[in-house]
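Protein chains in written order, with our numbering: chain A, 2 to 115; chain B, 1455 to 1568.
C-beta atoms are modelled at their ideal positions from N, C-alpha and C, and glycine is treated no differently.
Values in this document were obtained by computation on a predicted structure and should not be read as measured data.
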Amino acid sequence: AQSVTQLGSHVSVSEGALVLLRCNYSSSVPPYLFWYVQYPNQGLQLLLKYTTGATLVKGINGFEAEFKKSETSFHLTKPSAHMSDAAEYFCAVSLGGSQGNLIFGKGTKLSVKP
Amino acid sequence: ETGVTQTPRHLVMGMTNKKSLKCEQHLGHNAMYWYKQSAKKPLELMFVYNFKEQTENNSVPSRFSPECPNSSHLFLHLHTLQPEDSALYLCASSQGVTATDTQYFGPGTRLTVL
């Protein structure tokens, strides 16, 4: 069965600092991997996704994530945090192909200090 | 209206009430979803509809009854709910139901069951 683990329910960084949000998955087949962001009082918005091909995926708002099969990880990074990045971030996995159902992690709330 | 809209945004109901949540997508998509987002738990997929047909029921109690009259509208009828059903209910839509079909989320309905 698939599962997603996000290390750290709450991460706090200073403005301008590196953002690193961790995601590990378990899957019996090569997974499709996603990061979503949820701003207060809003629904989820897709940041980026990995399906096949290049393992470093660039998304919106300067975020990127790297698929590391050997580590079963898909960590999300951004070189320099901005106040507007404060939100909750969700990692998700699906089996891929025709199996589009998403399995989500519990989420990581990112705080950005001035 | 653009994207995915949900009404009402907030709902308080007693355990014996009957209410309905409404979702409308303005994206021309064929698939629609209901998710439950509870505090400190991962998003849980509840139902999936593709071309108005239910393709997934994730062992949801019968007190939740979905209805999809057309590809643009999705309802969740609520009856005899329990306090533990209090959560944020998110609707999403996508062009298809494969892993490469990005899901677009509405802002959610915050449900409180007294």
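Legend: CB atoms of the region 54-79 of chain A lying less than 8 Å from CB atoms of chain B are not found in any residue. Residue 11 (chain A) counts as exposed, since fewer than 16 other C-beta atoms from the protein chains shown sit within 10 angstroms of its C-beta.
Residue 50 (chain A) sits away from residue 38 (chain A), with the two beta carbons spaced by 8 Å or more. Between the C-alpha atoms of residue 1539 (chain B) and residue 1492 (chain B) there is a straight-line separation of about 9 Å.
Of all residues in the region 1497-1511 of chain B, the ones placed with a Cβ closer than 9 Å to any Cβ belonging to chain A are 1497, 1498, 1499, 1502, 1510, in chain order. Excluding its 5 nearest sequence neighbours in each direction, residue 1503 (chain B) has C-beta neighbours in its own chain below 6 Å: 1486, 1522, listed in chain order.
Using a CB distance below 9 Å, the part of the region 86-97 of chain A facing chain B consists of 91, 93, 95, 96, 97, ordered along the chain. The Cβ atoms of residue 1494 (chain B) and residue 110 (chain A) lie no closer than 8 Å to each other.
Looking at the backbone, the Cα of residue 83 (chain A) and that of residue 1528 (chain B) are separated by about 36 Å.
Rounded to the nearest whole angstrom, the C-alpha separation of residue 42 (chain A) and residue 87 (chain A) is 13 Å.
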